[in-house]
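To start, the structure under review is shown below, and the notes come after it.
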Amino acid sequence: MRLVLVPTPIGNLEDITLRALRVLKEVEVVACEDTRRTGLLLKHYGIPTPTLRLDQHTVGRARELLAPYRYVAYATDAGTPGISDPGAELVRLALEWGWRVEALPGPTALIPALVASGLPTHRFTFEGFLPKGGRERRERILALAREGRTAVLYESPHRLRKTLEDLLEVYGPDHPVAVARELSKLHEEIFRGSLREALEHFQEPRGEFVLVLGPKALEAPNGEALARRLKEEGLSGR
Ligand code: SAM
Numbered sequence: 004m005r006l007v008l009v010p011t012p013i014g015n016l017e018d019i020t021l022r023a024l025r026v027l028k029e030v031e032v033v034a035c036e037d038t039r040r041t042g043l044l045l046k047h048y049g050i051p052t053p054t055l056r057l058d059q060h061t062v063g064r065a066r067e068l069l070a071p072y073r074y075v076a077y078a079t080d081a082g083t084p085g086i087s088d089p090g091a092e093l094v095r096l097a098l099e100w101g102w103r104v105e106a107l108p109g110p111t112a113l114i115p116a117l118v119a120s121g122l123p124t125h126r127f128t129f130e131g132f133l134p135k136g137g138r139e140r141r142e143r144i145l146a147l148a149r150e151g152r153t154a155v156l157y158e159s160p161h162r163l164r165k166t167l168e169d170l171l172e173v174y175g176p177d178h179p180v181a182v183a184r185e186l187s188k189l190h191e192e193i194f195r196g197s198l199r200e201a202l203e204h205f206q207e208p209r210g211e212f213v214l215v216l217g218p219k220a221l222e223a224p225n226g227e228a229l230a231r232r233l234k235e236e237g238l239s240g241r
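In our numbering, the protein residues as written are 4 to 241.
Written as structure tokens, this is what we have:
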């Protein structure tokens with residue numbers, strides 16, 4: 004039994020590897036989050052392999068759904084399966100069943116955003132989506148700031164401003180950020196500036212977003228305030 008994770012384009016359909024196309028052709032079935040979306044990709048490349056829906060609601064039934072197959076590809080809506088999508092749970096299950104699991108290298112939103120940001124790339128943290136609210140959200144932001152590495156986050160358009168505001172509160176208004184919007188698509192944009200400027204710039208955010216935050220140094224302007232806040236929250240500074 005073999006499961007291959009196949010990264011798919013995050014916008015531009017040219018961003019798919021030759022190997023990914025070959026695997027999509029040779030597997031028995033392409034399990035995917037959205038059969039319509041993946042179906043369009045397969046159609047674009049003239050690949051007749053059947054699809055099967057396996058999303059966050061059905062991944063729990065994966066064993067039963069995949070029982071008839073011995074060689075399966077998994078593709079999510081965009082990018083690399085397993086990064087902020089149901090791919091991670093499928094891998095966990097497949098390993099439990101003793102399947103061979105392989106992952107093809109390929110497109111993902113976080114790497115282009117990070118490397119184009121102009122911020123340090125030698126050490127970084129991937130945070131994905133922050134919790135929507137409550138103490139956990141606050142603690143994660145404080146922990147990110149404390150870590151002192153560049154941080155990469157995913158965000159939806161309707162939550163972008165709230166997230167920029169919450170980050171500004173901890174990191175300070177002048178802290179550097181890059182906001183990558185609609186990567187590889189027609190309206191691709193990479194905004195580079197401070198958190199305050201990003202809030203001014205994105206008044207009515209539309210599209211898909213990756214946020215890249217520069218590392219926070221406790222010694223930097225605002226660092227003292229951060230250290231105090233960490234102490235108040237019961238989290239120690241570095
Ligand atoms: N597995 C995907 C990957 O490898 O990047 C991520 C899946 S996650 C459900 C979707 C999020 O990825 C979006 O909310 C957005 O933050 C980010 N994203 C995906 N495509 C993007 C694009 N073209 N431009 C900017 N961000 C994108």
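Just so it is clear, CB atoms sit at the ideal spot from N, CA and C, and this is done for glycine as well.
Please report the straight-line C-alpha distance between residue i and residue j, rounded to a whole angstrom.
| i | j | result |
| --- | --- | --- |
| Gly-210 | Tyr-157 | 12 Å |
| Asp-177 | Leu-216 | 11 Å |
| Val-173 | Leu-145 | 7 Å |
| Arg-56 | Ala-154 | 32 Å |
| Ile-193 | Leu-8 | 28 Å |
| Glu-31 | Gly-175 | 52 Å |
| Pro-53 | Leu-186 | 29 Å |
| Glu-105 | Glu-36 | 18 Å |
| Lys-219 | Tyr-48 | 44 Å |
| Asp-88 | Arg-143 | 19 Å |
| Thr-128 | Leu-117 | 10 Å |
| Lys-165 | Ala-81 | 24 Å |
| Pro-208 | Glu-191 | 13 Å |
| Leu-21 | Ala-78 | 15 Å |
Got a sec, what are the start and stop residues for the alpha helix (DSSP H) residue i sits in?
| i | result |
| --- | --- |
| Thr-128 | Unbroken run through Thr-128 is the beta strand (DSSP E), 127-131; no alpha helix (DSSP H). |
| Glu-142 | 137-150 |
| Gly-82 | Segment: none, Gly-82 is in no alpha helix (DSSP H) and carries neither H nor E. |
| Arg-73 | Segment: none, Arg-73 is in no alpha helix (DSSP H) and carries neither H nor E. |
| Leu-98 | 90-99 |
Under the three-state reduction of DSSP, which class applies to residue i: helix, strand or coil?
| i | result |
| --- | --- |
| Glu-222 | Per-residue confidence for Glu-222 stands at a pLDDT of 45, beneath the threshold of 50, marking its modelled position as unreliable; the derived number appears in the next sentence. Three-state result, Glu-222: coil. |
| Ser-239 | For Ser-239, the predicted model reports a pLDDT of 49, less than 50, meaning its position is unreliable; a value from the coordinates is still stated below. The answer is coil: DSSP assigns Ser-239 none of H, G, I, E or B. |
| Thr-41 | helix |
| Val-182 | strand |
| Glu-168 | helix |
| Tyr-174 | helix |
| Val-122 | Contrary to the premise, residue 122 reads as Leu rather than Val in this sequence. Of the three classes helix, strand and coil, the one that applies to Leu-122 here is coil, per DSSP. |
With 9 Å set as the bound, which would you pick, yes or no: does the beta-carbon of residue i sit closer than that to a beta-carbon of chain D?
| i | result |
| --- | --- |
| Arg-66 | The displayed structure is made up of one protein chain only, and chain D is not part of it. |
Could you please give me the residues that DSSP links to residue i through a beta bridge?
| i | result |
| --- | --- |
| Ala-65 | For Ala-65, which the question treats as bridged, DSSP gives no partner whatsoever. |
| Tyr-157 | Val-213 |
| Thr-11 | Gly-82 |
What first and last residue would you give for the beta strand (DSSP E) that runs through residue i?
| i | result |
| --- | --- |
| Ala-34 | 32-35 |
Legend entry - Three or more C-beta pairs below 8 Å linking the stretch 45-65 and the stretch 86-94: yes
Practice prompt. Indicate whether the contact test is met: 3 or more Cβ pairs, each with one atom in the stretch 14-31 and one in the stretch 121-128, closer than 8 Å.
Written response: no
**Prompt:** Within the chosen definition, does the stretch 32-47 reach the stretch 132-152 through at least 3 CB pairs nearer than 8 Å?
**Reply:** no
If contact is defined by three or more beta carbon pairs under 8 Å, each pair taking one atom from either stretch, is the stretch 194-204 in contact with the stretch 137-144? no
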